[in-house]
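Residue numbers (our numbering), protein chains in the order written: chain V, 1 to 672; chain L, 1 to 175; chain Y, 1 to 101.
Virtual Cβ for every residue (Gly too), placed ideally from N, Cα, C.
Just so we're clear, the structure is a prediction, and the values are computed from it rather than from any experiment.
Okay, so here's the structure we're looking at.
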Amino acid sequence: MDLLLLAQEHAPAAVPKDGFLTQYMWLVPLLPVLSFFVILFFGKRMKSRGHWFGIGALSIGLAMSLYAFIELAAGNAAVEKSWTWFSIGDSINVEFGMHYDFLAGVMFVVVTLVSLLVHIYSTGYMHDDKRYTIFFAFLSLFTGSMLFMVIANNLLELFIGWELVGVCSYFLIGHYWEEKENSSAAIKAFITNRVGDMAFLIGIFVLFFAGHSFNIEELNHAVHEGHLGGTILTVGALLLFGGVISKSAQFPLYVWLPDAMAGPTPVSALIHAATMVVAGVYLVARMFLLFEGAGAALDVVAIVASITMLLAAILALVQDDIKRVLAYSTISQLAYMVAALGVGAYTAGVFHLFTHAMFKALLFLGAGSLIHAVHSNNMSDMGGLRRFMPHTFRTFVIGSLGLAGIFPLAGFFSKDEIIGGALRSASDLGSASAWVVLISATLTAFLTALYVTRMLIKTFWGEYRGHGSPHESPGSMVTPLWILAGATLTVGFLGFPVIGPFADWITVPGHEHHGFETLYNIVLPIGATVVALLAIALGIRLFSEGRKGFDLVASPFGWIYRFIENKYYLDDFYLKGIVKPIQYPIARASYWTNQKILDGVVNGAGAGAVALSHPVYDVIDQQVVDFAVNGAAGITGFSGGLLKYIQSGNVQRYAAVLFAAIAAFVAVFVLA
Amino acid sequence: MSADTWQQVVFWVLAVAMTFAAIRVVTARNVVHAALYLVATLLGAASMYVLLFAEFVAWVQVLVYVGAIVVLMLFGLMLTRADIGKANFDNDQRVLAAICSAALFGVTAWVLVDAFEGEEISLARETGTTTENIGQAIFSSYVLPFEVVSVLLLAALVGAVVISRRDPVDEEDDR
Amino acid sequence: MPVHYFLVLSALLFSIGVYGVLARQNAVLVLLSIELMLNAVNINLVAFSAYLGEGALSGQVFALFVIAVAAAEVGVGLAIVILIYRNRQTVDVDEMSLMKW
């Protein structure tokens with residue numbers, strides 16, 4: 001199996017060699033995990049309460065990630081190492097290893113950068129929190145788990161990392177567990193993820209059964225060369241996508257993400273915007289060759305993503321809680337990424353992952369800054385904050401424009417790549433699902449700009465509607481905001497058509513270099529910008545102060561509004577249709593079965609044993625056994641009683657017997 | 001009549017007399033009569049010995065048996081205040097004893113007759129008295145049993161004295 | 001003369017002595033019967049000695065020893081009987097059955 005990945009055709013003429021640092025990239029996940037343990041044991045005693053360990057580990061991690069990525073970009077080879085963990089029989093070989101290539105490199109940079117900034121931000125945001133130390137411990141553990149998942153070279157190892165990030169998400173969402181709704185949100189997140197994880201795990205086994213390997217490279221290779229295909233491949237791919245649906249919050253398993261906003265805002269920024277939720281996208285990108293060969297699977301992916309992006313964008317339009325707006329926005333943007341992969345626009349999807357991480361983290365951290373100042377999540381308590389919080393305002397606007405996809409911010413480039421890819425796939429390849437993606441992506445772009453405008457106006461313009469006097473956040477919180485804003489402004493150009501290097505780095509392995517989709521049709525970016533500007537204009541008109549905004553409650557379309565407000569009744573369906581039936585009737589039936597049937601059997605066995613022992617005692621022991629024992633003694637006594645009469649004491653009697661015996665013996669001896 | 005015939009006649013007379021006397025020994029009611037009948041039996045036996053060319057044994061028999069043993073018996077009867085003159089019923093197992101002795105006699109006699117029928121005691125004798133020969137035999141071949149018997153007699157003597165001694169008086173302990 | 005006459009006589013006397021030992025009630029009379037038995041044996045021994053000719057004097061010597069032993073035995077036996085009489089005031093053997101069950 002060829003271990004060297006030559007992703008680009010126009011790669012430098014130099015023979016790829018092993019980079020200096022790329023071999024040691026397994027250290028990068030290890031450092032935060034070590035930091036977790038150190039913080040756990042020593043954090044409370046430190047004056048800093050432990051945050052330096054996490055920041056230190058991540059700084060080193062970021063530096064290593066950047067250096068290694070540069071090495072890769074300079075032409076060094078991707079690295080794969082593995083060793084066998086254990087094997088079962090001859091055929092099942094479970095290995096443990098790393099695979100570091102461009103895709104992993106990009107993820108590493110994203111994760112370490114955003115995690116580091118969130119760490120710095122949290123020193124300010126969580127300053128007065130009483131569980132400060134454990135918070136940082138879990139942040140480190142989460143980062144280590146995410147990096148571990150990225151660097152995994154086989155599906156089982158990836159699954160381990162997948163589960164670990166889910167667990168860390170549970171802990172971090174439930175950070176304020178004194179409120180019941182917070183711990184419930186954590187449980188909801190974990191259980192919803194579990195549903196998808198089951199599908200994922202079964203998918204892993206199906207693929208193992210079909211392809212005889214857990215190794216990602218081997219599986220991809222097998223599909224690409226045609227050794228593996230057919231129905232079983234489609235089934236396996238769809239099952240893997242089941243995991244993606246839950247982890248990356250696609251329809252219908254996105255319901256946990258809005259509720260996960262109950263966690264602290266830095267957590268939302270890190271996990272539910274930039275890193276954990278993109279694990280699903282990463283999985284599809286990683287297994288792209290496999291999905292590609294799976295025929296209908298990619299179509300399903302595209303359709304599901306299209307539905308999700310529209311539904312989520314609509315929901316984002318009616319939220320009052322600023323974090324929920326951002327949450328639904330995240331769901332919608334994730335759907336963009338997944339849809340991109342679904343139509344085959346691999347580079348575009350990964351690029352959007354990269355840019356989205358930047359501006360969504362920025363938006364969340366900015367929202368955190370707002371919440372910190374206003375002490376409320378709701379936009380109805382905000383307003384006119386641009387006067388009080390200039391830094392937050394400016395960075396927030398930059399992030400929002402990035403989200404809306406306005407030139408020259410990052411979101412513009414990445415979003416247009418996706419739409420272009422959908423168009424190419426639709427017209428060149430005639431893929432029906434691509435048309436669906438194209439339409440929904442365009443609509444969603446419109447809606448995105450609309451809700452972004454609404455959010456900005458309600459928060460920063462107009463009169464302040466809250467209590468007290470808000471002030472700007474401390475430097476520890478504002479600095480990461482500016483760093484991310486700078487990123488949002490610049491990274492877009494990495495994906496600039498033709499000259500941008502991103503397409504050189506991220507291409508589907510083994511395929512020819514697609515280049516950038518926007519090259520396909522210059523109409524597209526212009527069209528997209530027009531759509532976005534229209535939406536902004538509409539938003540200003542609808543939501544500005546003085547306007548009543550959406551007062552659809554009273555209108556004939558009121559039922560639509562109520563339908564949307566109740567989140568399409570999806571949560572109610574889950575609760576009443578699935579959770580409650582399990583909780584009450586099924587659980588009660590199980591309990592009854594246990595008490596009556598199982599305990600009945602056990603108790604019955606016990607009673608039966610007791611009942612059986614009575615005859616055994618009465619008959620066998622008392623009568624039979626004792627009869628034998630007492631009988632033996634009785635016979636002995638009885639015969640002794642008879643034999644004692646021989647002892648008459650009379651010597652002559654003895655002599656008589658003696659002589660009689662002599663006579664008898666003589667007779668016998670003589671006659672015989 | 002020949003010597004052999006005389007021997008047989010004498011034998012038969014003596015045999016009948018001895019048997020009768022023996023039966024009376026064991027059935028006499030009067031204990032002294034029993035002892036005296038024993039004397040008759042023993043004298044008869046002594047006569048037999050003479051008939052069998054064992055004069056020395058005959059004389060020793062008369063001396064020891066009749067002269068000492070029977071006298072001892074009479075002394076014993078006297079000292080134990082045996083019921084002289086009263087009826088003396090034997091004990092309850094007479095019948096069993098009779099059967100037993102009859103069986104014993106039957107078996108023994110049958111064996112002996114079966115083994116030794118037809119054997120004869122010759123009447124030829126060489127010169128030399130039996131006494132002299134016995135003396136020589138005792139003090140040459142049988143000297144060890146002789147000495148042992150002496151010791152036995154001594155032991156019996158001492159034992160008889162010890163057994164029948166009255167308990168010593170306690171004044172010996174005060175010295 | 002046929003030797004078996006003497007032997008049968010000896011057996012007869014012996015059996016009569018056995019009867020006396022088993023049937024007599026007085027201990028002294030039991031001893032008497034024992035003397036009868038010993039005599040019978042003596043007759044047997046001497047008869048054999050005569051039958052085997054002059055070379056076999058051992059029968060007579062044996063008879064002498066039997067007589068000597070009988071004397072010793074009677075002495076000790078009577079001493080015991082007298083001791084029993086002294087303790088129990090009776091020489092009835094039926095009374096001397098302490099070692100019964």
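Boundaries of the alpha helix (DSSP H) in which residue i is found, first to last residue
i, result
"VAL41 (chain Y)", "27 to 51"
"GLY637 (chain V)", "626 to 643"
"ASN220 (chain V)", "216 to 224"
"GLY56 (chain V)", "51 to 73"
Residue i vs residue j beta-carbon contact at 8 Å
i, j, result
"ALA441 (chain V)", "TYR336 (chain V)", "yes"
"ASN153 (chain V)", "GLY61 (chain V)", "no"
"LEU104 (chain L)", "SER10 (chain Y)", "no"
"SER329 (chain V)", "ALA340 (chain V)", "no"
"THR80 (chain L)", "VAL28 (chain Y)", "yes"
"VAL39 (chain V)", "GLY56 (chain V)", "Note that residue 39 (chain V) corresponds to Ile in the displayed sequence, not to Val. Result no, Cβ atoms of ILE39 (chain V) and GLY56 (chain V) do not sit closer than 8 Å."
"ALA269 (chain V)", "LEU365 (chain V)", "yes"
"ASN193 (chain V)", "TRP256 (chain V)", "yes"
"LEU38 (chain Y)", "SER49 (chain Y)", "no"
"ILE271 (chain V)", "LEU362 (chain V)", "no"
Cβ of residue i within 8 Å of any chain V Cβ
i, result
"VAL18 (chain Y)", "yes"
"VAL111 (chain L)", "yes"
"SER33 (chain Y)", "no"
"HIS4 (chain Y)", "no"
"VAL107 (chain L)", "yes"
"VAL93 (chain Y)", "yes"
"LEU36 (chain L)", "no"
"ASP174 (chain L)", "With a pLDDT of 49 at ASP174 (chain L), under the threshold of 50, the modelled position of that residue is not reliable, and no figure is offered here."
"LEU22 (chain Y)", "yes"
"LEU79 (chain L)", "no"
Residue-chain proximity (residue i, chain Y), Cβ-Cβ < 8 Å
i, result
"ASN650 (chain V)", "yes"
"GLY159 (chain L)", "yes"
"ASP176 (chain L)", "With chain L running from 1 to 175 in the structure shown, residue 176 (chain L) is simply not present."
"ASP90 (chain L)", "yes"
"GLN623 (chain V)", "no"
"LEU152 (chain L)", "yes"
"GLU132 (chain L)", "no"
"PRO145 (chain L)", "yes"
"PHE139 (chain L)", "no"
"ALA54 (chain L)", "yes"
Selected residue, minimal CA-CA separation from residue i, among the options
i, options, result
"THR392 (chain V)", "V:SER380, V:VAL374, V:LEU642 and V:VAL165", "V:VAL374"
"LEU147 (chain V)", "V:THR265, V:GLU163 and V:LEU253", "V:GLU163"
"VAL478 (chain V)", "V:PHE460, V:ILE540, V:PRO390 and V:VAL610", "V:PRO390"
"SER140 (chain V)", "V:SER122, V:LYS130, V:VAL343 and V:LEU429", "V:SER122"
"TYR574 (chain V)", "V:TYR254, V:GLY174 and V:LEU155", "V:TYR254"
"ALA537 (chain V)", "V:HIS614, V:ARG588, V:ILE457 and V:VAL109", "V:ILE457"
"PHE142 (chain V)", "V:PHE36, V:LEU113, V:TYR176 and V:GLY174", "V:PHE36"
"PHE502 (chain V)", "V:SER169, V:PHE86, V:LEU34 and V:GLY105", "V:GLY105"
"SER431 (chain V)", "V:LEU409, V:PHE208, V:ARG387 and V:GLY342", "V:GLY342"
"LEU238 (chain V)", "V:LEU290, V:LEU401, V:ASN603 and V:ILE635", "V:LEU290"
Below-8 Å beta-carbon distance, residue i vs any chain L residue
i, result
"ALA667 (chain V)", "yes"
"ALA660 (chain V)", "yes"
"ALA656 (chain V)", "yes"
"ARG88 (chain Y)", "no"
"SER97 (chain Y)", "no"
"VAL30 (chain Y)", "no"
Residue-chain proximity (residue i, chain B), Cβ-Cβ < 8 Å
i, result
"ALA664 (chain V)", "Protein chains in the displayed structure are V, L and Y, and chain B is not among them."
Start-to-end residues for the beta strand (DSSP E) that takes in residue i
i, result
"HIS99 (chain V)", "92 to 100"
"SER87 (chain V)", "79 to 88"
Task: alpha helix (DSSP H) runs wholly inside the segment 342 to 386 of chain V, at least 4 long, in chain order - done: The qualifying runs are 346 to 374.
Open item on the list: I'd like the ranges of any alpha helix (DSSP H) spanning at least 4 consecutive residues and lying wholly in the segment 446 to 515 of chain V.
Closed with: Complete alpha helix (DSSP H) runs here, min 4: 475 to 490 and 502 to 505.
Task: alpha helix (DSSP H) segments (min. 4 residues) lying fully within the segment 90 to 118 of chain L - done: Whole alpha helix (DSSP H) segments, 4+ residues: 94 to 116.
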